[in-house]
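Working notes, beginning with the structure itself.
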Amino acid sequence: MPEGPELHLASQFVNHFCAGVVFSGKVEKSDVSKNVEVPFACDSYSITACSRGKEVRLRLTPIKEEESNEMKPTDASQPMDIIFRFGMSGFFRFTSENEILKHSHLLFYTKEKPRRVLSFVDIRRFGSWEPNGSWQADRGPCVMFEYPEFRSNVLANLSDKAFDKPICEVLLNQKYFNGIGNYLRAEILYRVKIPPFVKARTVLDNLLPKSKANVEVKAEDNQCQTPEITLSKKIKQKKERPDILDLCHFVPLEVVKMGGKGYDPEQSNDYSSFKGWLQCYCVPGMKSMRDHNGRTIWFQGDPGPMTPKGLKSRRKKTNKQNVEDSDEKPIVEKEEKKPKRKKGKDTEHEKDEATENSTLASEEYESKTLHTDKKRTELENEAAAVEKGSRKMNLRSRKVKSKPS
Numbered sequence: 001m002p003e004g005p006e007l008h009l010a011s012q013f014v015n016h017f018c019a020g021v022v023f024s025g026k027v028e029k030s031d032v033s034k035n036v037e038v039p040f041a042c043d044s045y046s047i048t049a050c051s052r053g054k055e056v057r058l059r060l061t062p063i064k065e066e067e068s069n070e071m072k073p074t075d076a077s078q079p080m081d082i083i084f085r086f087g088m089s090g091f092f093r094f095t096s097e098n099e100i101l102k103h104s105h106l107l108f109y110t111k112e113k114p115r116r117v118l119s120f121v122d123i124r125r126f127g128s129w130e131p132n133g134s135w136q137a138d139r140g141p142c143v144m145f146e147y148p149e150f151r152s153n154v155l156a157n158l159s160d161k162a163f164d165k166p167i168c169e170v171l172l173n174q175k176y177f178n179g180i181g182n183y184l185r186a187e188i189l190y191r192v193k194i195p196p197f198v199k200a201r202t203v204l205d206n207l208l209p210k211s212k213a214n215v216e217v218k219a220e221d222n223q224c225q226t227p228e229i230t231l232s233k234k235i236k237q238k239k240e241r242p243d244i245l246d247l248c249h250f251v252p253l254e255v256v257k258m259g260g261k262g263y264d265p266e267q268s269n270d271y272s273s274f275k276g277w278l279q280c281y282c283v284p285g286m287k288s289m290r291d292h293n294g295r296t297i298w299f300q301g302d303p304g305p306m307t308p309k310g311l312k313s314r315r316k317k318t319n320k321q322n323v324e325d326s327d328e329k330p331i332v333e334k335e336e337k338k339p340k341r342k343k344g345k346d347t348e349h350e351k352d353e354a355t356e357n358s359t360l361a362s363e364e365y366e367s368k369t370l371h372t373d374k375k376r377t378e379l380e381n382e383a384a385a386v387e388k389g390s391r392k393m394n395l396r397s398r399k400v401k402s403k404p405s
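Numbering-wise (UniProt numbering), the sequence shown opens with residue 1 and increments by one.
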């Protein structure tokens, strides 16, 4: 699943390939997509991109024609921002019109001939876009490019009941950890040597005394700056032993620095670099367990005191070639159809399914046991009957022999 680094790399991809390119016409949506239409049409416009946590913003900016210095009546007169959320498998591609990828659900055509196309590709269709949108209000500051605000937001809200949960689950709460996903949480907890099922407040309370010194760092004006600039400004703050909030910032930036050799839903790039970078997530020998929300956490050692009841840790099979997450879909994405679940019902559904499976297994075992006991009883009765008959025959034989001839 695309996380903060992947969405930032997607914005860099758009800016690289769309720089100086003029787009034209209507933004087209595929017929199969259930997302909204994008009400934007313009004879000439440009596209730029920016990311924040797990969101990407495309800005469509109309360009006035130099000759007439006027715009057509049908043209959009104001820029439009479109906010993208990638879901399980979203990404952008820039191709010729004849090479549009399957599962391209939103298309931006260039003005040149032959035309080229910027496409939002989403194999599993969990992604979404919001025309005239803005950054989602209930998402916190970006862990990568708004680090001072991110750290302050976490430490100022530790009284929130959200921090009563295990640290591994809180790390996926985008209200506080915008940009962190499943593989990042595993890598962060492994490096800081914190068990996944320890209460989040217990972990973060220890950071309060030094929070002021860490937060008093001048915030960057532009959260979309390149990671090279951000890292150069942050290098002075890096500690020999970074805390968990430091790692929430530095670990994603390590993936960004890998460029196109990191996460790739299309599997078009060399994946060995990313697999070599992983220290915990899906690494052979590491343990894995589903958290209270049904998502798999990878870890080493003891899971912690808040381990979900009735669950046992399971080790990753080592005969798989691809790096994969058995619960949150593989990093190497494969197209598959799965029934949709109603929002908010996932956990209950999984509990009911687990209970049902357990009940069925228990009933099957009991049925087999009863069948075995019944068969044993029948055999014992049969043997007793044979023995009884044998005794009667012996008695008769003795009586016959004892009679006088």
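Ideal placement from N, C-alpha and C gives every residue a C-beta, glycine not left out.
Determine, using beta carbons only, whether residue i and residue j come nearer to each other than 8 Å.
{"i": "Ser134", "j": "Gly87", "result": "no"}
{"i": "Val121", "j": "Asn178", "result": "no"}
{"i": "Leu253", "j": "Leu207", "result": "no"}
{"i": "Tyr281", "j": "Glu187", "result": "yes"}
{"i": "Tyr183", "j": "Glu3", "result": "yes"}
{"i": "Tyr147", "j": "His249", "result": "yes"}
{"i": "Ser33", "j": "Arg151", "result": "no"}
With which residues is residue i paired in a DSSP beta bridge?
{"i": "Cys142", "result": "Asn178"}
{"i": "Arg57", "result": "Cys50 and Ile83"}
{"i": "Ser30", "result": "Answer is none; Ser30 lacks a bridge partner."}
{"i": "Cys42", "result": "Gly25"}
{"i": "Ile188", "result": "In the DSSP output, where bridge partners are listed per residue, Ile188 has none listed."}
{"i": "Ile297", "result": "Met289"}
{"i": "Ser128", "result": "Arg85"}
{"i": "Arg116", "result": "Ser96"}
{"i": "Tyr109", "result": "Val117"}
{"i": "Asp122", "result": "Gly90"}
{"i": "Pro62", "result": "Tyr45"}
{"i": "Lys161", "result": "Paired residues: none, contrary to the question."}
{"i": "Ser104", "result": "Val121"}
{"i": "Pro166", "result": "Lys199"}
Could you tell me the alpha carbon to alpha carbon distance between residue i and residue j, rounded to whole angstroms?
{"i": "Lys309", "j": "Pro303", "result": "12 Å"}
{"i": "Ile47", "j": "Phe23", "result": "8 Å"}
{"i": "Pro305", "j": "Arg85", "result": "34 Å"}
{"i": "Phe299", "j": "Leu247", "result": "16 Å"}
{"i": "Glu220", "j": "Arg295", "result": "Confidence at Glu220 is low in this model, with a pLDDT of 46, below 50, so its placement is unreliable and the value that follows should be read with caution. Taking the straight line from one Cα to the other gives about 34 Å."}
{"i": "Ser104", "j": "Arg93", "result": "9 Å"}
{"i": "Glu65", "j": "Ala76", "result": "13 Å"}
{"i": "Gln172", "j": "Lys165", "result": "Just to set this straight, residue 172 is Leu in the shown sequence, not Gln. Distance between the alpha carbons of Leu172 and Lys165: 11 Å."}
{"i": "Asp160", "j": "Lys287", "result": "30 Å"}
{"i": "Leu101", "j": "Ile123", "result": "10 Å"}
{"i": "Ala156", "j": "Tyr45", "result": "42 Å"}
{"i": "Ile82", "j": "Arg59", "result": "6 Å"}
{"i": "Asn35", "j": "Asn132", "result": "14 Å"}
{"i": "Pro39", "j": "Leu278", "result": "42 Å"}
{"i": "Lys275", "j": "Pro284", "result": "11 Å"}
{"i": "Ile297", "j": "Glu130", "result": "31 Å"}
{"i": "Arg240", "j": "Gly90", "result": "Note that residue 240 corresponds to Glu in the displayed sequence, not to Arg. If I take the Cα positions, the gap works out to 36 Å."}
{"i": "Val14", "j": "Val21", "result": "11 Å"}
{"i": "Glu97", "j": "Phe17", "result": "15 Å"}
{"i": "Gly301", "j": "Phe145", "result": "32 Å"}
{"i": "Glu99", "j": "Glu37", "result": "23 Å"}
{"i": "Leu158", "j": "Thr95", "result": "47 Å"}
{"i": "Ala19", "j": "Lys111", "result": "14 Å"}
{"i": "Lys193", "j": "Thr202", "result": "14 Å"}
Excluding the 5 residues flanking residue i on each side, which residues of the same chain have their C-beta closer than 6 Å to its C-beta?
{"i": "Tyr109", "result": "Gly25, Arg115 and Val117"}
{"i": "Ser11", "result": "Ala49, Cys50, Ser51 and Val56"}
{"i": "Leu107", "result": "Glu28, Val117 and Ser119"}
{"i": "Ala213", "result": "Note that Ala213 scores a pLDDT of 43, beneath 50, so its modelled location is shaky; the value from the coordinates is reported in the next line. For Ala213, where only same-chain residues beyond five positions count, there are no Cβ hits under 6 Å."}
{"i": "Val198", "result": "Ile167 and Gly304"}
{"i": "Asp243", "result": "Leu207"}
{"i": "Thr307", "result": "Phe197"}
With a CB to CB cut of under 7 Å and the five nearest residues on each side skipped, what residues in its chain are close to residue i?
{"i": "Asp138", "result": "Lys175"}
{"i": "Ser30", "result": "Ser104 and His105"}
{"i": "Val154", "result": "Tyr176, Leu204 and Leu245"}
{"i": "Pro196", "result": "Pro166, Ile167, Cys168, Leu189, Ile297, Phe299, Pro303 and Gly304"}
{"i": "Glu356", "result": "Caution applies to Glu356, whose pLDDT of 43 falls short of 50 and renders its modelled position unreliable; the model cannot decide the point."}
Could you name the residues of the same chain whose beta carbon sits closer than 8 Å to that of residue i, not counting the 5 residues immediately before and after it, in chain order?
{"i": "Pro62", "result": "Cys42, Ser44, Tyr45, Met71, Asp75, Ala76, Ser77, Gln78 and Pro79"}
{"i": "Lys54", "result": "Pro2, Glu3, Gly4, Leu7, Arg85, Phe86, Arg139, Gln174, Asn178, Gly179 and Gly181"}
{"i": "Val251", "result": "Leu184, Glu187, Ile188 and Arg191"}
{"i": "Val170", "result": "Ala162, Phe163, Tyr176, Phe177 and Ala200"}
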